[in-house]
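Just add 20 to wherever you are in the sequence shown, counting from 1, and you've got the working numbering.
Written out below as structure tokens is the structure these notes cover.
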Amino acid sequence: MAQIIAEVSRTFNEFLLLPNRTRTDCSAATVDLRTPLVRHIAGEASAIELQSPFTSAIMQAVSTPDLAIALARNGGLSFLHHNQPIQGQAAAVRQVKNFKAGFVTSDTNVRPDDSLSLLVDVMRRTGHSTAAVTHDGTATGRLLGLVTSRDFHPQRHDLDGPVSGRMTAIADLAHAGSDITLSEANARLWDERLDCLPVLDTEGHLQHLVFRSDYTDNKRFPNQLVDAAKRLRVGAGINTHDYQERVPALLEAGADALCFDSSDGYSDWQAQALTWVKKHYPEIPVGGGNVVDGEAFTFLAEAGADFVKVGVGGGSICITRDQKGIGRGQASAVLDVAAARDAFRERTGEYVPICSDGGLVHDYHVALALAMGADFVMMGRYFARFDQAAGAKLPTRDGFVKEYWGEGSNRARNWQRYGQGGQELVFEEGVDGYVPYAGDLNEGLALTIAKLKTTMVSCGSKTLPEFQATARLTLVSEQSFQESHANVTLRDTPATVS
Ligand code: IMP
Numbered sequence: 021m022a023q024i025i026a027e028v029s030r031t032f033n034e035f036l037l038l039p040n041r042t043r044t045d046c047s048a049a050t051v052d053l054r055t056p057l058v059r060h061i062a063g064e065a066s067a068i069e070l071q072s073p074f075t076s077a078i079m080q081a082v083s084t085p086d087l088a089i090a091l092a093r094n095g096g097l098s099f100l101h102h103n104q105p106i107q108g109q110a111a112a113v114r115q116v117k118n119f120k121a122g123f124v125t126s127d128t129n130v131r132p133d134d135s136l137s138l139l140v141d142v143m144r145r146t147g148h149s150t151a152a153v154t155h156d157g158t159a160t161g162r163l164l165g166l167v168t169s170r171d172f173h174p175q176r177h178d179l180d181g182p183v184s185g186r187m188t189a190i191a192d193l194a195h196a197g198s199d200i201t202l203s204e205a206n207a208r209l210w211d212e213r214l215d216c217l218p219v220l221d222t223e224g225h226l227q228h229l230v231f232r233s234d235y236t237d238n239k240r241f242p243n244q245l246v247d248a249a250k251r252l253r254v255g256a257g258i259n260t261h262d263y264q265e266r267v268p269a270l271l272e273a274g275a276d277a278l279c280f281d282s283s284d285g286y287s288d289w290q291a292q293a294l295t296w297v298k299k300h301y302p303e304i305p306v307g308g309g310n311v312v313d314g315e316a317f318t319f320l321a322e323a324g325a326d327f328v329k330v331g332v333g334g335g336s337i338c339i340t341r342d343q344k345g346i347g348r349g350q351a352s353a354v355l356d357v358a359a360a361r362d363a364f365r366e367r368t369g370e371y372v373p374i375c376s377d378g379g380l381v382h383d384y385h386v387a388l389a390l391a392m393g394a395d396f397v398m399m400g401r402y403f404a405r406f407d408q409a410a411g412a413k414l415p416t417r418d419g420f421v422k423e424y425w426g427e428g429s430n431r432a433r434n435w436q437r438y439g440q441g442g443q444e445l446v447f448e449e450g451v452d453g454y455v456p457y458a459g460d461l462n463e464g465l466a467l468t469i470a471k472l473k474t475t476m477v478s479c480g481s482k483t484l485p486e487f488q489a490t491a492r493l494t495l496v497s498e499q500s501f502q503e504s505h506a507n508v509t510l511r512d513t514p515a516t517v518s
């Protein structure tokens with residue numbers, strides 16, 4: 021007969037943290053959220069350390085270049101999804117690696133003989149008021165001039181007339197060569213009283229625009245996750261089917277870390293694929309998963325995984341448990357795998373970080389996952405709500421929603437993630453739906469980070485290792501869970517201050 025695991029499968033809602041003594045030197049300002057991403061000698065630093073413990077899910081609806089850029093600027097890491105052709109994913113990696121803070125690829129471009137009315141349409145579509153006039157109307161064409169919404173008035177100027185009649189021609193424009201740094205560009209913007217400085221290559225083709233308004237914006241991101249050349253870091257998802265072709269293309273494009281993406285990583289296929297990557301590309305960190313117990317963690321760690329992702333069936337869009345009866349409560353899974361990671365460290369002297377993936381519903385669940393031993397978390401629903409995620413933003417009666425769909429849904433049909441036999445999805449393991457729209461990632465994540473830091477302060481911890489070592493958790497009863505929530509009739513209009 022089957023073996024029955026005595027311990028009940030528990031999830032985050034069943035736990036609360038107890039406050040520990042907070043010393044005077046422990047405050048939100050002194051909390052350090054750095055955490056290791058990849059395998060390293062215990063007691064030494066990891067080759068890649070996240071500046072904040074967040075990664076975005078390997079999903080079509082979530083990890084796009086825009087989101088990867090925003091998350092890396094906030095110290096975390098995206099794993100760009102692999103449910104696309106190899107060259108498309110490699111191009112997405114390149115887009116993140118080529119991002120230069122403050123150096124914007126122009127998205128509002130016209131030809132000199134385009135009409136002003138077309139220019140108005142383009143500006144309305146992009147929401148930007150400065151357009152590059154290039155010989156072919158592309159972002160990298162030869163720059164002929166700039167035209168802004170201040171250069172013409174719909175009532176005063178003939179909108180059928182050409183853009184060239186109102187643009188400032190290149191001969192009268194300040195511009196810079198491609199070797200200019202951001203601080204040099206900023207100095208010129210102020211010294212020469214410019215709003216925008218075009219950056220050109222030696223043939224006069226437009227490369228970037230630098231705006232005065234963006235420079236101040238860059239100062240908002242002191243914890244960016246960057247490589248030795250100061251380029252943002254980006255990860256990429258891979259699968260056990262086409263890795264021999266996909267991995268070299270992703271490395272060529274500059275990916276900083278890879279991760280096998282599988283709904284069940286406890287398999288010989290994943291071990292073989294990990295061994296192959298480690299043999300051919302020993303320098304690139306590669307994660308494995310997903311697993312839910314110590315035995316599976318040890319299997320992947322021994323096969324060479326540089327980190328291991330934990331979670332089966334807990335994702336917000338996941339119906340694997342309904343469909344197949346497979347999975348484990350996320351809290352039990354993280355606690356069990358964390359214990360195996362610590363045992364592996366004792367036995368081998370190597371620390372293999374673990375990631376809690378999926379099922380994080382409230383901000384405080386992040387703190388619980390980290391306290392239970394996760395080195396970092398991966399989230400799908402959370403990031404899908406932001407402007408930078410792939411899903412369309414749609415109006416509803418009560419506001420806006422964003423589309424969010426699982427990799428195992430009919431919309432994504434990511435058969436490589438689900439071993440259902442053959443090259444197709446036989447049945448769905450994910451749903452296709454909506455999540456509440458939450459605006460800009462930068463603002464949303466700042467709030468989550470603020471909550472995480474204050475939770476750590478209450479627990480008397482200035483670092484994540486300290487938090488893991490000293491956190492005290494209590495199980496909650498149904499009644500104490502009720503007690504956790506507000507118990508008054510809520511005001512439905514904002515309070516006014518008199
Ligand atoms: P969430 O943060 O709760 O939305 O969970 C995201 C995680 O769910 C991902 O990182 C994957 O591990 C997992 N996942 C993604 N798509 C599916 C699916 O279609 N079915 C089941 N799990 C999924």
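Where is the CB? At the ideal position from N, CA and C, for every residue including glycine.
Problem - Any non-hydrogen atom of the ligand IMP within 7 Å of Tyr402 CB - result: Numbered from 1 along the sequence shown, position 382 holds the residue referred to as residue 402. Within the cutoff, so yes.
Problem - Lys422 beta carbon less than 8 Å from that of Ala404 - result: Along the sequence shown, read from residue 1 onward, the residue named residue 404 stands at position 384. Along the sequence shown, read from residue 1 onward, the residue named residue 422 stands at position 402. Contact flag set, yes.
Practice task
For the segment 399-416 and the segment 447-460, state whether three or more C-beta atom pairs, one from each stretch, are separated by less than 8 Å.
Solution key: yes
Exercise for the section: In the DSSP assignment, find the unbroken alpha helix (DSSP H) run with Lys344 in it and report its ends. Expected result: Against the sequence shown, residue 344 aligns to sequence position 324. If you look at Lys344, you'll find it in the alpha helix (DSSP H) that goes 340-344.
Practice task
Indicate the three-state DSSP secondary structure (helix, strand or coil) for Trp435 in the structure shown.
Solution key: Translated into positions along the sequence shown, residue 435 becomes position 415. Three-state DSSP puts Trp435 in coil, outside helix and strand.
Practice task
Provide the residue span of the beta strand (DSSP E) that contains Gly426, from first to last.
Solution key: Position 406 of the sequence shown, counted from the start, is the residue given in the question as residue 426. Premise fails: Gly426 is in no beta strand (DSSP E) and is neither H nor E.
Handout entry: Cα-Cα separation between Asp326 and Gly307, rounded to whole angstroms
Key = Sequence index remark: in the sequence shown, residue 326 carries index 306 (1-based). Sequence index remark: in the sequence shown, residue 307 carries index 287 (1-based). Distance between the alpha carbons of Asp326 and Gly307 is about 5 Å.
Handout entry: Contact under 8 Å by Cβ, Leu37 with Thr474
Key = For this step, residue 37 is matched to residue 17 along the sequence shown. For this step, residue 474 is matched to residue 454 along the sequence shown. Not closer than 8 Å, so no.
Exercise for the section: Flag Ala77 as yes when its Cβ comes closer than 7 Å to any non-hydrogen atom of the ligand IMP, and as no otherwise. Expected result: Here residue 77 refers to the residue found at position 57 of the sequence shown. Answer for Ala77: yes, Cβ within range of the ligand IMP.
Practice task
Return the Cβ separation of Thr75 and Ser98 in integer angstroms, given the expectation that the two are a contact with Cβ distance under 8 Å.
Solution key: In the sequence shown, residue 75 corresponds to position 55, counting from 1. In the sequence shown, residue 98 corresponds to position 78, counting from 1. With a Cβ gap of about 7 Å, Thr75 and Ser98 count as contacting.
Handout entry: Ile346: CB within 7 Å of a non-hydrogen atom of the ligand IMP
Key = Within the sequence shown, numbered from 1, the residue matching residue 346 stands at position 326. Incorrect: Ile346 has no Cβ contact closer than 7 Å to the ligand IMP.
Practice task
Taking only heavy atoms of the ligand IMP into account, decide whether any of them is closer than 7 Å to the Cβ of Asp199.
Solution key: The sequence position of residue 199 within the sequence shown is 179, counting from 1. Not so, every heavy atom of the ligand IMP lies at least 7 Å from the Cβ.
Exercise for the section: Please check the pair Leu535 and Val312, which I expect to be a contact at CB under 8 Å, by giving their CB distance rounded to whole angstroms. Expected result: Residue 535 is absent from the model: the chain starts at 21 and stops at 518.
Handout entry: Touching by the beta-carbon criterion (3+ pairs, under 8 Å), the segment 292-309 and the segment 260-270
Key = yes
Practice task
Compute the Euclidean distance between the alpha carbons of Phe280 and Thr188, then round it to the nearest angstrom.
Solution key: Within the sequence shown, residue 280 is the residue found at index 260, counting from 1. Within the sequence shown, residue 188 is the residue found at index 168, counting from 1. Phe280 and Thr188: Cα-Cα distance of roughly 51 Å.
Practice task
Can you grab the Cα-Cα spacing for the pair Ala20 / Ile258, in whole Å?
Solution key: The structure shown does not extend to residue 20, since the chain is modelled only from 21 to 518, so the question has no answer here.
Exercise for the section: May I ask you to verify whether the segment 79-91 touches the segment 506-514, counting CB pairs closer than 8 Å and requiring at least 3? Expected result: With the cut-off at 8 Å, the segment 79-91 and the segment 506-514 do not touch.
Exercise for the section: Would you check if the distance between the CB atom of Gln343 and the CB atom of Glu449 is smaller than 8 Å? Expected result: In the sequence shown, residue 343 corresponds to position 323, counting from 1. In the sequence shown, residue 449 corresponds to position 429, counting from 1. Yes, the pair counts as a contact, with Cβ atoms nearer than the cut-off.
Exercise for the section: Taking only runs that begin and end inside the segment 170-202, name each unbroken alpha helix (DSSP H) of 4 or more residues, in chain order. Expected result: Segments of the alpha helix (DSSP H) lying fully in the segment 170-202: there are none.
Practice task
State the Cα-Cα distance for the pair Met392 and Leu53, rounded to the nearest angstrom.
Solution key: On the sequence shown, position 372 is the one that residue 392 refers to. On the sequence shown, position 33 is the one that residue 53 refers to. Their Cα atoms are separated by approximately 16 Å.
Problem - As assigned by DSSP and simplified to three states, the class of Ile19 - result: What is shown of the chain runs 21 to 518, which leaves residue 19 out entirely.
Practice task
Kindly list the residues whose CB is nearer than 7 Å to the CB of Leu271, restricted to its own chain and excluding five residues on each side of it in sequence; keep chain order.
Solution key: Position 251 of the sequence shown, counted from the start, is the residue given in the question as residue 271. Cβ within range, chain order: Tyr301, Ile304.
Problem - Candidates His177, Gly480, Ala90: closest to Pro39 by CA position - result: The residue labelled residue 39 in the question sits at position 19 within the sequence shown. Cα-wise, what sits closest to Pro39 is Gly480.
Problem - Beta-carbon proximity check, Asp418 vs Leu461, cutoff 8 Å - result: Stepping through the sequence shown from its first residue, residue 418 is reached at position 398. Stepping through the sequence shown from its first residue, residue 461 is reached at position 441. Going by C-beta atoms, Asp418 is not nearer than 8 Å to Leu461.
Handout entry: Option nearest Leu495 by Cα separation, candidates Gln23, Glu34, Ala207
Key = Taking the sequence shown and counting its residues from 1, one reaches residue 495 at position 475. Of the listed residues, the one whose Cα sits closest to Leu495 is Glu34.
Practice task
Output the distance between the C-alpha atoms of Val51 and Val477, rounded to the nearest integer angstrom.
Solution key: As a first step, residue 51 is located in the sequence shown; it is residue number 31 there, counting from the start. As a first step, residue 477 is located in the sequence shown; it is residue number 457 there, counting from the start. C-alpha separation (whole angstroms): 8 Å.
Practice task
Identify every residue that forms a DSSP beta bridge with Val142.
Solution key: Sequence index remark: in the sequence shown, residue 142 carries index 122 (1-based). Val142 is not bridged to any residue.
Exercise for the section: Return the chain-ordered ranges of every beta strand (DSSP E) run that is complete within the segment 206-263 and spans a minimum of 3 residues. Expected result: 216-220, 226-231, 255-258
Exercise for the section: Can you tell me which of Trp210, Ala353, Val219 puts its alpha carbon nearest to the alpha carbon of Thr201? Expected result: Counted from its first residue, the sequence shown places residue 201 at position 181. Of Trp210, Ala353, Val219, the residue nearest in Cα terms is Val219.
Handout entry: Those residues which DSSP pairs with Tyr454 across a bridge
Key = Against the sequence shown, residue 454 aligns to sequence position 434. According to DSSP, which records beta bridges pairwise, Tyr454 is partnered with Glu423.
Practice task
List the endpoints of the continuous beta strand (DSSP E) containing Phe32.
Solution key: Against the sequence shown, residue 32 aligns to sequence position 12. Taken as a continuous stretch (DSSP letters only), Phe32 belongs to no beta strand (DSSP E), as it is neither H nor E.
Handout entry: Contacts around Arg240, its chain only, beta-carbon distance under 8 Å, and the 5 residues preceding and following it disregarded
Key = In the sequence shown, residue 240 corresponds to position 220, counting from 1. So the qualifying residues of the chain are Asn462.
Exercise for the section: Inspect the CB distances between the segment 126-141 and the segment 101-114 and report whether three or more fall short of 8 Å. Expected result: no
Practice task
Within 10 angstroms of the Cβ of Phe447, are there 16 or more other Cβ atoms? Answer buried if so, exposed if not.
Solution key: Taking the sequence shown and counting its residues from 1, the one referred to as residue 447 is at position 427. Classification of Phe447: exposed, given that the 10 Å Cβ count is below 16.
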